[in-house]
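Chains as they are written, first to last, in my numbering: chain F, 1 to 405; chain A, 1001 to 1593.
Virtual Cβ for every residue (Gly too), placed ideally from N, Cα, C.
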Amino acid sequence: MNTLKFRYSNGKVGSDASIDRWLYTNSYIVNPAGGTGMEFGAPYTVSSPYPYRYEGTIANPDIQWETSHKIDYGIEAAFFDNRLLFTYDYFTEHRSNIFLSGGDRVLPAYYGADPVAANVGEVDIKGWEIETEFRNQASRSFGYWFKFGASYVIDNVIFKGDPELRPDYQKQEGFPMDIVRATLNQGEHSFYSSWNDIYNSVGTENNSDLLPGDFKTLDYNADGIINADDNVPADYPIRPQHTYSPSAGLSYKNFSASVSFYGVYNLSSGLNWRYSGSSFGSSVARIANHYVDNIWSPENERFGEDAMNASSRFSSRGRQGFINYPRYYLRLENAEISYNITGQNAQLLEKLNISNARISLSGNNLLMFSPVYLDMDKVSQLSNVSNRHMYPVLRRVNLGMHLEF
Amino acid sequence: MKTILKPHWILSIILPFLFISCEDYLDRTPEADITEEDIFGTFESYMGYADYNYAEVVDLLGQYAPYVPYWGGEGLFIFSDKVTAANKGEYWTLIGRGLVNYYWVNNRPRIGDWDNFGEGGIWYGGWRGIRRSNTALLNIDMLQGSEEQKDIIKGQSYFFRAYFHQQIIEGFGGMPYADVIFEGTDVPKLPRLSYQETAEKIDADMDKAIALLPVDWDNSILGQNSQGTNTGRITKGAAMALKGRFLLYAASPLMNGFSNNDFSYNEDFSKRSAAASWEVIKMANEGVYSLVPWEDYGSLFHNNNDGTNVWTTETLWLKPTKEIGSLMWSTARLHWHPNYLGAEGGMTTASQNFVDRFEMADGSRYKVEYDQDNNKRWENRDPRFKANIAVDRDKVGDNVNSVWHGYVGDEPSARPNNQAASTYLINKFIPYGMNTFDNEWRNYQFRPSLIRLAEVYLNYAEAVTAAYGPLGTAPGASLTAVDAINIIRERAGMPLVTEAATGYDSFMDLVRNERSVELAFEGNGYWVDIRRWYIGHLQENKPLYTLDFDKDWTFFNRNLHTLRVFDNPKHYWLPIYREQVQLYPEFEQNPGW
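Structure, rendered in structure tokens:
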């Protein structure tokens, strides 16, 4: 053992980054349209001489910055002549006085105004990070290295404006921040197979929109109607809780090679990108080939996609339940082989006044291991469930020559 | 080696920020330093603040709103799920359907726009108006002005605090009475009151308002400064008339039942309602108000767009608005006119059930067998029948094509292609010639009143009948319930009635029928009426019928159009937003939702 270090840090940080100014004073809007007063009068209506005005923001004198209390425990160690490095961190963060804008709060309607922003949110975060590296120059001409990093972060909302009597599964409280909620399907291949099936199933608030081939939604709270109350939180947040990144490399004489992977798991994400809408510059919906081959039809009920409809219908048709599955992926992010031109060949280079030359072949996004279809950019989609207007992933292979004069 | 900034450089960068921060940023609001003193210091500014309440008033007959009052079964809808959901009792579906539903809509109302009938919504706009009224009332000492000026503001603000609470509880049932200004740090937890408890608080505010409001603004000390720009402001008489209505509602079987578990008229509230309406009738007897003569009946609802307000001697209050013009036509035709006569969207026609409420011209009741009789079905009815409704083959204008077709057939102008659910075209608000063929629609303006004198007589008749019987009067009054009904009937040219109420189960039954006929389709009541009379859930009120027949009138059949879903107690009160009833146990959801 060459190094052994224990670290401990404990601190409080304040932030007002997301907090608007002036929240501690009342504001008033005067004559917003530069206009006049109310219209009164008979026989002819005319503007009253009293230009109108109304209350803007209601003051909250208690507005303050958010507080974050962070504690970190760390170990660093090095072994075998510093060839094996190891660090481990365990951290906790308690955020309190989190600023909630009015829209995140619920006040009784008789308050008579939009809810007032306040520092009432609270979140706990904890996690760990590990990093190991082994690097060995076995001989003058041969060296190799392995690296492995992993992290785990979980956050838990303690309070985010939930009304007290809201059912637990509908609350933000007790779940990770920004958890996606959606209705569940009664099974992965569960469709309304016919009109009879629709009439014999639990209704929604707006049954006239249902069609055979739509996903069959689960009446989660068993109140006899499928509505927003049947939305349940996904298993995992849209940000991965676990990430890991193995990589390795070697060099032998003038050759060198490396691969690096990046993987995530414990996240939920959607299959919500079937229709790519107007973001490609056209309002015509486009549908990836994959889906066309797999859509439901009366003759073909085996596949995993609901029937194809106009795009305006699709978001509400039980599809929600389909989109929030646990996801994972492992991606070969980068691989590279290169050759340094030296030795005898270098004489040729010298004649050309080239001091250093290297040829390399590298690739990005070469491989992807995931249960999700491969025709879109999962990296960005998995991180943003609502965005279904993504470009397909770019797989890139570079052949390069590097010359220095 | 890196270059290091010397201290004086750092200071010279930081110091200007410090000064800017201290002087310009920290202590001022961006809205050019508008303080409470600026808003509430002068009379002009204070009035501008308080007057916004007028923009917040919801006129249920406006824009898309007729669907709401017609939930009571007056109307049949052709729109698909949007409004038929109401007849199916699926009120949640209506939430979020924008202007179709003024109970839940939530916008900041525009000032003086012709089509702002109440986009603030009854729920949100109402509570917002209540807060505004509270602010106006509780900051009154900041006003540097005379006592008269303060009284004018207080009078209107007491009125609006009461009025908005009333609008809310008519749909949603008893509520907390908000009479303080909630601060930014408050998290109030007021319990819901019963309907009558809320009504008592409303009535106390109405009394304060009535004491302070002028009879005629133009003749008041302050109104003289703004002569001609006062009509539309709430007056003593209008507030008194509304007080009578509010108390009658509070006295009604539903409200009494939910407050006291007694589903009959509450005597105390009935008496107080009668007394309030009598005060208005006294003013009418002194010439302040009068019923318009029968030949001017249409002027209560529309005029020929000469630029004047639709304001008559019978009008007690209407929602003030900008001079409206032909744009009003689009509102009217959206609801009441068929496509081939120039409508834009779906339309609402009257149900056979409701049309049956119109008596024969001789004062007898309509009978189902008259359906087959060409001289009785649509002829020789109460004159208000044709003032409210056009039937098949009726001319609606001079043009040869201006004929209403209510028969069932294949022609584009026949049902169902003309978008009409029944043969009864609601014509009360659409005068002769207002259609594509006659092209008179530019000469048209429509504006329903929020309360008119005829309703005061009907309120009086109902309250007196409940408290003192048909031949009773309010204390000190010279008018019996029978007299009050006869005043309304006389104007329409109908035979007078007696307390015997021939053809009716009771005199109260007659009073209710008279109310439905006189105020038909006006938006201020039938949906409230069938609820407050506690008859909405009765089996006989659930099926809504149409009268179907062919072009040549060879047969006439009554067919079921809609079997309304109306469960007791569920559909007597509207559902309250879920997040609101999840806040604390004392603010509970209405039963059944």
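task = At 7 Å on the CB atoms, spell out the chain A contacts of PRO51/F, in chain order.
result = GLY1048
inquiry  = Does GLN1582/A pass the burial test, meaning 16 or more other C-beta atoms within 10 Å, or should it be called exposed?
reply    = buried
message = Counting only beta-carbon separations shorter than 8 Å, does ILE354/F have a partner in chain A?
response = no
request  = Could you spell out the range, first to last residue, of the beta strand (DSSP E) harbouring LEU1479/A?
outcome  = Bounds of any beta strand (DSSP E) do not take in LEU1479/A, whose DSSP letter is neither H nor E.
query = Which residues share a DSSP beta bridge with HIS242/F?
reply = Per the DSSP secondary-structure output, HIS242/F pairs in a beta bridge with TYR152/F, TYR265/F.
request  = Could you tell me whether the Cβ of VAL385/F comes closer than 8 Å to any Cβ of chain A?
outcome  = The predicted model places VAL385/F with a pLDDT of 41, which falls under 50 and marks its position as unreliable; any figure quoted below should be read in that light. With 8 Å as the cut-off, VAL385/F does not count as an interface residue toward chain A.
ask   = Taking only beta-carbon atoms, is PHE40/F less than 8 Å away from chain A?
value = yes
ask   = What does ARG1233/A touch in chain F if you count any residue whose Cβ is under 8 Å from its own?
value = PHE40
Nonlocal neighbours in the same chain, by C-beta distance under 6 Å from VAL284/F, ignoring five residues either side = Confidence is the limiting factor: at VAL284/F the pLDDT is only 47, short of 50, which leaves the residue's position unreliable and the question unanswerable from this model.
request  = For the region 1130-1146 of chain A, enumerate the residues whose C-beta is nearer than 8 Å to any C-beta of chain F, in chain order.
outcome  = The residues in question are ILE1130, ARG1131, ARG1132, ASN1134, THR1135.
query = Could you give the distance in angstroms between the alpha-carbon of LEU332/F and the alpha-carbon of ALA1086/A?
reply = Approximately 57 Å, taken between the alpha carbons.
query = Short check: CB of PRO1431/A to CB of GLU1522/A, under 8 Å?
reply = No. Outside cutoff.
query = The beta strand (DSSP E) with TYR1545/A in it runs from where to where?
reply = 1543-1549
query = Looking at C-alpha atoms only, which residue of GLY37/F, GLU66/F, GLY11/F is the closest neighbour of TYR52/F?
reply = GLY37/F
Which listed residue (ILE1487/A, TYR1124/A, VAL1396/A, ALA1466/A) has its alpha carbon closest to that of PHE1507/A = If we check each option's Cα against that of PHE1507/A, ALA1466/A comes out closest.
inquiry  = Against chain A, which members of the region 106-125 of chain F pass a CB distance test of less than 8 Å?
reply    = The region 106-125 of chain F vs chain A, Cβ under 8 Å: VAL106, LEU107, PRO108, ALA109, TYR110, TYR111, GLY112, ALA113, VAL116, ALA118.
task = Would you mind telling me which residues of chain A sit closer than 7 Å to ASN60/F, beta carbon to beta carbon, in chain order?
result = GLY1184, THR1185
request  = Between the Cα of PHE91/F and those of PHE79/F, TRP65/F, ASP124/F, spot the shortest distance and give me the residue it belongs to.
outcome  = Cα-wise, what sits closest to PHE91/F is ASP124/F.
key: Cβ shell of MET1376/A (< 6 Å), same chain only, five flanking positions each side left out   = In the sequence under discussion, the amino acid at residue 1376/A is Lys, which differs from the Met named in the question. Counting only Cβ-Cβ distances below 6 Å, and skipping sequence neighbours, we find TYR1370.
key: Neighbouring residues, chain A, relative to VAL46/F (Cβ below 8 Å)   = Going along chain A in sequence order, the residues near VAL46/F (Cβ under 8 Å) are GLY1228, THR1229.
inquiry  = Measuring straight from C-alpha to C-alpha, what distance separates ILE58/F and LYS1243/A?
reply    = 32 Å
ask   = What three-state label does DSSP hand ASP124/F in the structure shown?
value = strand
ask   = Which residue's Cα is closest to the Cα of THR67/F: GLU122/F, ILE29/F, LEU394/F?
value = When each option's Cα is compared against that of THR67/F, the closest is GLU122/F.
Neighbour list for LEU165/F in chain A, Cβ cutoff strictly below 8 Å = VAL1581, GLN1582, LEU1583, TYR1584, PRO1585
message = Quick check on GLU404/F: buried or exposed, where buried means 16 or more other Cβ atoms within 10 Å of its Cβ?
response = exposed
inquiry  = Please tell me whether ILE63/F and LEU107/F are closer than 8 Å, where the distance is taken between their beta carbons.
reply    = no
ask   = Who are the Cβ neighbours of THR1562/A in its own chain at under 6 Å, not counting the five residues just before and after it?
value = ASN1087, LEU1544
Range of the contiguous alpha helix (DSSP H) that encloses SER1133/A = 1126-1138
key: Beta-bridge partners of SER47/F, as assigned by DSSP   = SER47/F has GLU39/F as its beta-bridge partners, per DSSP.
query = What did DSSP end up calling PHE1172/A once you bin it into helix, strand or coil?
reply = Here PHE1172/A sits in helix by DSSP.
query = Using a Cβ-Cβ distance under 8 Å, would VAL157/F count as near chain A?
reply = no
task = With DSSP as the reference, label LEU1563/A as helix, strand or coil.
result = strand
ask   = Taking only beta-carbon atoms, is GLY14/F less than 8 Å away from chain A?
value = No, because no Cβ of chain A sits closer than 8 Å to the Cβ of GLY14/F.
message = Using 8 Å as the threshold, is the C-beta distance between SER260/F and SER251/F below it?
response = Contact: no.
message = Looking only at its chain, what residues have a beta carbon closer than 6 Å to the beta carbon of SER1220/A, apart from the 5 residues adjacent to it on each side?
response = Contacts found: PRO1214.
Endpoints, alpha helix (DSSP H) assigned at SER359/F = Position check: residue 359/F holds Ile in this sequence, whereas Ser was assumed. Careful: ILE359/F lies outside any alpha helix (DSSP H), inside the beta strand (DSSP E) at 356-369.
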